[in-house]
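In our numbering, the protein residues as written are 1 to 308. Here a beta-carbon is modelled for each residue, glycine too, at the ideal position from N, C-alpha and C.
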């Protein structure tokens, strides 16, 4: 048995803001993927994954919802035969490792599933998101359901608000110097503690005002620019966003990267922003000259995501 591949995702814009109903843009990231597998010779990694799936099976068995039903008999049988999730997606890196797993389980075991081939109305998209939110909550407390949705559909998704999602197209990549890239912090991040910090900050009126007036405004502008290919304007807005994040989301940025972050803003060579909840994992970067940025950040591991 080898199930279909489900890809990693990158939330280009909207981290934290989407919790409070501002815009977001998520894209599939095909460099990493995962699939359900069964093989006669099972490795230690596969055994570990099989045990985790056992716990997940128990969670889904006890899920009280009318949104979705699972073929638990088939799931049970596959687990007993050593099924595991074979994934290259790094965990705790903000690129949707649990999202790909959730998408693969839904795809294989959900009865009357909504498929990618049908006409994806807003109602169907929201239903999928709600199902995935329930399914992914097992992994890190409260989940928006967006990571599995992105992985399952393998399409860029524009989040207009909590109740308004749509698949979208992004401009095709150019052979230019500019790029979106990932910077590896080499630290594993955990979503739940970071979200808790954010929720505590949300109790502060000044922080809420900043989120609404600065963070959401620049995020929305970045999304508009990116979708319409306004590269010059995009870099101006990403710079503003990078400043806002450094000033107001410092606990989510590993302390060893505060200077690197500031250096990008000061030099205009590159701009950094959070990739997912932060606390480690990947940091997302934007640059007008990727080769120059690679030379500047030669001590770090960079991965190319998208070319301008």
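For the alpha helix (DSSP H) holding residue i, just list the boundary residues, first then last.
i           : result
residue 247 : 231-248
residue 33  : Unbroken run through residue 33 is the beta strand (DSSP E), 24-37; no alpha helix (DSSP H).
residue 197 : 191-201
residue 128 : 122-140
residue 207 : 205-210
residue 102 : 97-109
residue 150 : 146-153
Indicate the three-state DSSP secondary structure (helix, strand or coil) for residue i in the structure shown.
i           : result
residue 68  : coil
residue 116 : coil
residue 251 : helix
residue 167 : strand
residue 7   : strand
residue 75  : helix
residue 42  : coil
residue 161 : strand
residue 2   : strand
residue 60  : helix
residue 297 : coil
With residue i as the anchor, note down where its beta strand (DSSP E) starts and where it stops.
i           : result
residue 184 : 179-184
residue 304 : 302-307
What does residue i pair with, by DSSP beta-bridge criteria?
i           : result
residue 271 : 286
residue 86  : 35
residue 226 : The partner list for residue 226 (beta bridge, DSSP) is empty, contrary to what the question assumes.
residue 13  : 25
Suppose the cutoff is 7 Å on Cβ atoms and the five residues either side in sequence are ignored; what does the same chain contact list for residue i look like?
i           : result
residue 81  : 38
residue 194 : 252, 277, 278, 279
Considering only residues of the same chain and omitting the five flanking positions on each side of residue i, which have a CB-CB separation below 8 Å?
i           : result
residue 106 : 68, 113, 131, 132, 135, 148, 152
residue 175 : 307
residue 83  : 1, 36, 37, 38, 50, 53
Take residue i and list the residues in its own chain whose beta-carbon comes closer than 6 Å to its own, dropping the five residues that flank it on each side.
i           : result
residue 223 : 13, 23, 25
residue 178 : 288, 308
Quiz item: Does the region 56-76 touch the region 29-48, meaning 3 or more C-beta pairs lie closer than 8 Å?
Solution: For the pair of segments examined, the region 29-48 was found not to touch the region 56-76: the number of CB pairs separated by less than 8 Å stays below three.
Self-check item: Given 8 Å, three or more beta-carbon pairs between the region 153-169 and the region 20-30
Solution: Three or more pairs of CB atoms, one per stretch, sit closer than 8 Å, so the region 153-169 contacts the region 20-30.
Quiz item: Can at least three beta-carbon pairs, one atom from the region 183-201 and one from the region 233-244, be found at a separation below 8 Å?
Solution: In short, these stretches do not touch, since the Cβ pair count stays below three.
Exercise. Tell me, please, whether the region 84-95 touches the region 273-288 by the rule of three or more beta-carbon pairs shorter than 8 Å.
Key: Between the region 84-95 and the region 273-288 there are three or more inter-stretch CB-CB distances shorter than 8 Å, so the stretches are counted as touching.
Quiz item: How do the region 49-65 and the region 262-276 stand: do at least 3 beta-carbon pairs fall below 8 Å, yes or no?
Solution: Verdict: no, contact absent.
Quiz prompt | Contact between the region 5-13 and the region 140-153 (3+ Cβ pairs under 8 Å) | solution = Contact between the region 5-13 and the region 140-153 is present, because at least three Cβ pairs lie under 8 Å.
Quiz item: Are the region 241-256 and the region 201-214 touching by the rule of at least three beta carbon pairs closer than 8 Å?
Solution: Judged by Cβ distances under 8 Å, the region 241-256 makes contact with the region 201-214, as three or more pairs qualify.
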